[in-house]
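Notes follow the structure.
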Amino acid sequence: MILQTLYQQCIKRGVRFFNEFYVLDLLLTDGRTAGVVAYDLATGELHVFRAKAVLFATGGYGRIFKITSNAHALTGDGLAVCYRRGFPLEDMEFFQFHPTGIYKMGILISEAVRGEGGILINNGGERFMERYAPTIKDLAPRDMVSRAIYQEIKEGRGIDKKDYVYLDVRHLDPHVIETKIPDVTEFARVYLGVEPTREPVPIQPTAHYGMGGIPTDTEARVVVGTEESSVPGLYAAGECACVSVHGANRLGTNSLLDIVVFGRRGGRDMARYASENELPSLAPRPETATLDELRELLRGPNLEFAADIRSELQRHMFDLCGVVRTEKGLLDLQRILAGLRERYRLIGVHDRGKVFNTELMEAVELGFLLDVSDAVVAAALTRDESRGGHYREDHPIRDDDRWLTHSLAYREDDGMVRMEYKSVKLGRYVPMERKY
Ligand SMILES: Cc1cc2nc3c(=O)[nH]c(=O)nc-3n(C[C@H](O)[C@H](O)[C@H](O)COP(=O)(O)OP(=O)(O)OC[C@H]3O[C@@H](n4cnc5c(N)ncnc54)[C@H](O)[C@@H]3O)c2cc1C
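According to the working numbering, the sequence shown is numbered sequentially starting from 111.
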């Protein structure tokens, strides 16, 4: 409904769409936003869009993980473009894993299933959430349930000793299953060939929502540093942004609220900014750096395949920086990421065509995934406590004395990540640890 309304309003107001254009770079003139460079998938041409103001609304980055509910397009492009331009990424260690993704596919089975009485069981048929959250059991928050599933699997109680458990609705009235939770029936039948009225449904935690992103203020203006100075003309809203209304762990349904509120606020402020400022000048051929990068990928030595590197990246990110993290695992992961980056330099794009060269765009997106992963891992490594969507098995306690801070990850010229921290602004409510 949000999408439909937005689309109707755009049509009404004569908004021009550039479909299948990929934004690959942000243009700045003397620190002011001056436009973007975009690749037209249909023709293979690069276009320079001059602009007084730019708002990134490129969505999340769940594709850094092997199992995710996120669409293929959610490769963190907007975040990586800003990060490469020297802007920080905020709170990247906080990533929400939803407990009930369809096994191996990550497709989401909604919380409503447990809301209607669905339960989670392990290989012994035990309703294990009774042990982890005795009062609210299967209705515990996403991070708790995801960790409980992780623990069951780790202790050998996954189904057939594998990395999944069952979501069981067999005890529910079949009419309730058909009418109130059609996604479980549809998805289980279509994707798994499982009949949920008679068989339990294999599920595992799935990477769902990134709380981190491009730091913004409440007008969706991108802000930099601990002093939060805004970048003239640069905006971000939605999942690619971190205005931090979700803290370290978003509550279900609040993302759609976030996109509506901050999309509107950002749009309003952009209109004001555009009416008060001139169009910045641009250096000649501002698309050169992007063009060189694409040419390099097209001419690459062809010694590695982007698809192989991407699946290794996603697997290691899921295993070592997923639901549960440790210092050792994250340090190993940093070494793995460095190796994958080396291999990325050796890839080549086999399709040299100009029309709908999706192989080329996937290679570009792999570069974005690597950059975003670097920021996530560096932030997860330094935060030696557990909070919200970030759980460190070696530091399981929340530590407000040291860590009531937002992390900011910057990309250095040599590609390394530099971390900086800014205080959390406290309002009327004192943040408290959840207890169940
Ligand atoms: C299965 C699922 C169920 C969910 N359910 C809920 C829910 O019930 N309630 C809730 O509040 N939230 C829910 N969420 C989260 C919520 O849907 C997302 O956080 C929200 O849609 C993000 O909106 P967005 O506009 O920021 O990004 P998106 O809606 O993801 O849109 C980003 C767009 O940017 C485009 N894009 C990406 N890169 C580029 C580029 N380089 N150039 C040009 N375009 C680009 C993408 O193609 C995409 O069209 C759910 C998420 C998933 C995956």
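For each residue, glycine too, the CB sits at the ideal point set by N, CA and C. The structure presented is a predicted model; accordingly, all values stated were derived computationally and were not measured.
Going along the chain, which unbroken runs of the beta strand (DSSP E) with 3 or more residues stay wholly within the segment 209-244?
229-231
Provide the residue(s) that pair with GLY335 in DSSP beta bridges, ordered along the chain.
Per DSSP, GLY335 has no beta bridge partner at all.
Local Cβ density within 10 Å of LEU479, reported as buried at 16 or more and exposed below that:
buried
If we count the other Cβ atoms within 10 Å of its Cβ and call it buried at 16 or more, is GLN206 buried or exposed?
buried
Quick one, are the C-beta atoms of LEU430 and ASP442 less than 8 Å apart?
yes
Do ASP273 and ASN233 count as a contact pair if the criterion is CB distance below 8 Å?
no
Opposing strand residues paired with ARG508 [DSSP bridges]:
Its beta-bridge partners do not exist; DSSP assigns none.
I'd like to check one pair, VAL146 with VAL125: are the Cβ atoms closer than 8 Å?
Result no, Cβ atoms of VAL125 and VAL146 do not sit closer than 8 Å.
7 Å CB neighbourhood of TRP513 in its chain, flanking five on each side removed:
ARG493, GLU495, ARG497
I'd like the span of the alpha helix (DSSP H) that includes HIS426, first residue to last.
416-430
Would you check if the segment 389-400 and the segment 176-187 touch, i.e. whether three or more CB-CB distances between them fall below 8 Å?
no
Measuring CB to CB, does VAL527 end up less than 8 Å from ASP484?
yes
Measure the CB-CB distance between THR307 and ILE287 and report whether it falls below 8 Å.
yes
Helix, strand or coil at TYR149 [DSSP, three-state]:
strand
Pick helix, strand or coil for VAL207, following the three-state DSSP scheme.
Note that residue 207 is Phe in the sequence shown, not Val. Looking at PHE207 - three-state DSSP - the assignment turns out to be strand.
Could you tell me whether the segment 193-208 touches the segment 309-324, where touching means 3 or more Cβ pairs closer than 8 Å?
Enough Cβ pairs lie closer than 8 Å, so yes.
PHE372, enclosing alpha helix (DSSP H) - first and last residue
364-386
Below 8 Å CB to CB, which residues in the same chain sit around ASN467 once its five sequence neighbours on both sides are set aside?
So the list reads LEU151, GLY154, VAL459, ASP461, once near-sequence residues are dropped.
Ligand 1 and GLU200: does the residue's C-beta get closer than 7 Å to at least one heavy atom of that ligand?
no
Quick one: any contact between the segment 497-508 and the segment 220-229, if contact means 3 or more CB pairs under 8 Å?
no
Would DSSP call ALA351 helix, strand or coil?
strand
Helix, strand or coil at ARG435 according to DSSP, with G and I counted as helix
strand
Do you know offhand how far VAL486's Cα is from HIS285's?
43 Å
For ARG502, count neighbouring C-beta atoms within 10 Å of its own C-beta (all shown protein chains included) and say buried if the count is 16 or more, exposed if not.
Burial call: buried.
Closest to ILE212 by C-alpha separation, out of TYR546, LEU249, ILE121, ASP293, would be which residue?
ASP293
If the criterion is Cβ atoms closer than 8 Å, does the pair ASP481 and ARG194 meet it?
yes
Using three-state DSSP, classify ARG521 as helix, strand or coil.
ARG521 falls in the strand class under three-state DSSP.
Anticipated Cβ contact below 8 Å, MET380 with LEU189, distance rounded
About 19 Å; that fails the 8 Å criterion.
Report yes if the CB atom of GLY268 is closer than 8 Å to the CB atom of VAL275, and no otherwise.
yes
Buried or exposed by the 16-neighbour rule on C-beta atoms within 10 Å, applied to PHE428:
Classified as buried, PHE428 has 16 or more neighbouring CB atoms from the shown chains inside 10 Å of its CB.
Check whether the Cβ atoms of GLY377 and ALA167 lie closer than 8 Å to each other.
no
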